[in-house]
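Asker:
Chains as they are written, first to last, in the working numbering: chain D, 1 to 550; chain G, 1001 to 1349.
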């Protein structure tokens, strides 16, 4: 019995492990090997280049600053919404996660329309104070961190909110019964217990900021960060240097990951709630008004980027120059998207590539998650690592690895030509979304009682029947949720696309960038609105699938 | 100092959790709040602790009104049902937390914490992690944490409910001994009347937020004030009877027996709708048909160590539990049951 099981494990596991080794490990190994192709030559070149040193430091500074900026917004907001009841709370809660729904590049251009040199807010302030020039420039580290904080605070907010929800209210009561003041309880009990959630979200923000591409690319000005340096080196044909930069970026990510693991090493407890505590109702009239005003301001700040993109999508291209708001409105932008085949092309490209990548994710990640959760075999640890690995590697690095590996047909060394073809982008999207889908399916499967599989087999069900009737239904919520997330990220993907796209398979994000460069703001915004609608449509589709199956 | 609740009421929306309740606990006294879940006993404890402010009524300590004093300024020691130990602190930091909040220096508070741990039988456990403790150890750490602040009153929420049965027996005795030693009013909540009997000096029985009866365990056992009290205390069958003052008659299957009864405090001289409580140890079982006995059939036989407890189905839909030393009657056997000499508790409806 045991023996048969062992053979079966390997029969299922080997193809998956081989696929992951080939698509995830091999390209990155190729990048590292490539960085040493002439000994330490490329590394010396990197170390000697002031631009690269500046890029490394700027990347780290931006990442750390983004973490603290996100904390500064996310933690207080989570406490405010989690612990207090006040007029406007529901609305604020509803829009608090809105920034995460903006595809990365769309968020960036929304900020450009709002706070850029010719942005609406900038001009309003400029007019109001009668200044000759724009009161600020949306450039450099500050601008990048500003955008990061807006889109990434959501991680902190969600993690800390979940932590507060799981927080065992009796711990707080116990502390107060023992004589601890509000401040003592916060410092000694609440915050230390929320640390795992805070640390987890800090890591997430750090990794995202480290690999962030769109904000530095659009707002960087002369500023260099590693991800943009990689693309610049690749474009200039300095592949050796690009390999070194990619290796350094990936190493920074791994180092960050290791640092957080180490900081979090001592915690072994989990928060298990027996019913969290209710929200405190604010009764003071004055504080109520203050809070309503504050939450109204926050709500406006959060929805403004979305509204701005929608507004600009109706603006006639080329006439918005020095006015505060676009002067002329038209449906022309949308009409052109739907009628001109060249403009429609990126939309079908993005949708079909996202569907292919997501289908691949669902199949591979289901098998991997099943093996990880239910089977004990020697390769299980390796499989877990492989599935998590793409998460630790910034997207630019993944993309460059693919560019370095699948650039020619050489079956003996495991290379096939994908670069320049349609297939390279779906592959990149697939790799990026492996950890997302796998962890969603894993957590669904972990909620299933492991003995159910044994029970099904004990009742005489074949392996296939057990899969179909027992395991698959248990994995379904994870498959739907993970598949949705994967499809949503893939359809708006920008970072890997900018490295690997060709004109024929250009996705929506690249077209937005191209339109932006041509100063066709209206068209770029129309694409962005379409992208947001696509995300919305997918979410609704996933919800109806889940409801129909449940 | 006496801890007292006077006419306390607490509503949650439409639901009245505690309804005009008054209880008192003297110094060194152990009062158990007993009731089924939803009876308001935990809310009552939380009002005493200051986590809930009553909608009506007052809480006093030594005559001073503390109804609106915040929990952190009451100086009470509380043991929570799931102990509420801080998972991110080792044992001694947990125990020393209350002293830390009072600004006691680090050495002094750790020394006191270790002494408190020793007093609950956990010497040398100070540096252990909370997660490594067994349920019983966690319970004692929680107790040490409540005791080390030299509380003005002790409040315990289901202190034994998370322990396994053997440990529970042992902890009842320990707990009673420790609480008596501290000499402050102690109020504890339990749904288990055996815990209450074993530990408390007095018991207050609650139902739907109202006080059904309060008194010593003996009073509740021997003179339950109502059918509900008798049913909650358990052990025995409640059988309709005709109250005749010093005696009551019970008729089952046409066989009439006149039983001497004890009447609960404050009961009227004649109770209209009366019952008597027939405890298993106040009944006698004999095989076959006795002359003046109630006849019935054994439906269940259970060995209870030393004695055998029979469930006997009598006439008129009455069924009783009977303890028997011999235990030679079998299931499905026809037997007869007669009352031993009383007095039997008379229970008003």
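Beta carbons are placed, not taken as given, at the ideal position from N, Cα and C, and that holds for glycine.
Small disclaimer: the values here were computed from a predicted structure and weren't measured.
#1: Measuring alpha carbon to alpha carbon, tell me which of G:1029, G:1012, G:1021, G:1164 ends up nearest residue 1181 of chain G.
#2: Which whole-angstrom value is the C-beta distance of residue 317 of chain D and residue 521 of chain D, which I expect to be below 8 Å?
#3: Got a sec: which bits of the region 160 to 191 of chain D sit with their beta carbon under 8 Å from any beta carbon on chain G, in order along the chain?
#4: If I measure Cβ to Cβ from residue 327 of chain D and keep anything under 7 Å in the same chain, skipping five residues before and after, which residues do I get?
#5: Does the distance from the CB of residue 88 of chain D to the CB of residue 301 of chain D come in under 8 Å?
#6: Could you name the residues of the same chain whose beta carbon sits closer than 8 Å to that of residue 136 of chain D, not counting the 5 residues immediately before and after it, in chain order?
#7: If I'm right that residue 215 of chain D touches residue 124 of chain D with Cβ under 8 Å, what's the distance once you round it to whole angstroms?
#8: Since residue 382 of chain D meets chain G, which of its residues come closer than 9 Å, beta carbon to beta carbon?
#9: When you compare each of G:1309, G:1172, G:1154 to residue 1026 of chain G by their alpha carbons, which one comes out closest?
#10: What span of residues does the beta strand (DSSP E) with residue 185 of chain D cover, start to end?
#11: To the nearest angstrom, how far is the alpha carbon of residue 397 of chain D from that of residue 247 of chain D?
#12: Identify the continuous alpha helix (DSSP H) that holds residue 454 of chain D and give its terminal residues.
#13: So, for residue 2 of chain D: in the same chain, excluding its five sequence neighbours on each side, which residues have a beta-carbon less than 8 Å away from its beta-carbon?
#14: Alpha helix (DSSP H) containing residue 1108 of chain G: first to last residue?
#15: Between which two residues does the alpha helix (DSSP H) carrying residue 42 of chain D extend?
#16: For residue 491 of chain D versus residue 531 of chain D, is the C-beta distance shorter than 8 Å?
#17: Kindly indicate which residue of G:1058, G:1312, G:1051 has the alpha-carbon position closest to the one of residue 1077 of chain G.
#18: Less than 8 Å between the C-beta atoms of residue 432 of chain D and residue 496 of chain D, yes or no?
#19: In three-state terms, what does DSSP make of residue 196 of chain D?
#20: What does the Cβ neighbour count give for residue 515 of chain D, buried or exposed, with the cut at 16 atoms within 10 Å?
#21: Could you pull the start and end residues of the alpha helix (DSSP H) that residue 1100 of chain G belongs to?
#22: Anything in the region 1064 to 1075 of chain G with a Cβ closer than 9 Å to a Cβ of chain D? List those residues in chain order, please.
#23: For a quick check, are the C-beta atoms of residue 1290 of chain G and residue 1314 of chain G less than 8 Å apart?
#24: Starting from residue 1020 of chain G, trace the beta strand (DSSP E) both ways and give me its first and last residue.
#25: Quick check: is the beta carbon of residue 231 of chain D nearer than 8 Å to any beta carbon in chain G?
#26: Is it true that the region 416 to 436 of chain D meets the region 356 to 363 of chain D, where meeting means three or more beta-carbon pairs spaced less than 8 Å apart?
#27: Does the region 200 to 217 of chain D come within contact of the region 1107 to 1120 of chain G, defined as at least 3 CB pairs closer than 8 Å?
#28: Have a look at D:250, D:413, D:283, D:305 and flag the residue whose alpha-carbon is nearest the alpha-carbon of residue 85 of chain D.
#29: With the cut-off set at 8 Å, would you say residue 1242 of chain G and residue 1200 of chain G are in Cβ contact?
#30: Please classify residue 254 of chain D as buried or exposed, where buried requires at least 16 other C-beta atoms within 10 Å of its C-beta.
#31: Can you tell me whether residue 88 of chain D is helix, strand or coil according to DSSP?
#32: Taking 8 Å as the cut-off, does the region 501 to 520 of chain D touch the region 340 to 350 of chain D (at least 3 CB pairs, one atom from each stretch)?
#33: Could you name the residues that DSSP lists as bridge partners for residue 1347 of chain G?
#34: Find the residues of chain D that neighbour residue 1049 of chain G, judging by a C-beta separation of less than 7 Å, and give them in chain order.
#35: With a threshold of 8 Å between beta-carbons, can residue 194 of chain D be considered close to chain G, or not?
Answerer: In this structure, then:
#1: G:1029
#2: 7 Å
#3: 168, 170, 171, 173, 174, 175, 176, 177, 178, 179, 180, 181, 184, 188, 189
#4: 319, 320
#5: no
#6: 115, 122
#7: 23 Å between Cβ atoms; not a contact.
#8: Near residue 382 of chain D there are no residues of chain G at all, since even the closest Cβ is about 30 Å away, more than 9 Å.
#9: G:1154
#10: Not the beta strand (DSSP E): residue 185 of chain D falls in the alpha helix (DSSP H), residues 182 to 185.
#11: 8 Å
#12: 451 to 458
#13: Low confidence applies here, because residue 2 of chain D scores a pLDDT of 45, under 50, leaving its location unreliable and the question unanswered by this model.
#14: 1106 to 1119 is the extent of the alpha helix (DSSP H) around residue 1108 of chain G.
#15: 41 to 48
#16: yes
#17: G:1051
#18: yes
#19: helix
#20: buried
#21: 1091 to 1101
#22: 1070, 1071, 1072, 1073, 1074, 1075
#23: No, these two residues do not count as a Cβ contact at 8 Å.
#24: 1015 to 1025
#25: no
#26: Flag = yes, the region 416 to 436 of chain D and the region 356 to 363 of chain D touch.
#27: The region 200 to 217 of chain D vs the region 1107 to 1120 of chain G: no contact.
#28: D:283
#29: no
#30: exposed
#31: coil
#32: Enough Cβ pairs lie closer than 8 Å, so yes.
#33: Bridge partners of residue 1347 of chain G: G:1275.
#34: 177
#35: no
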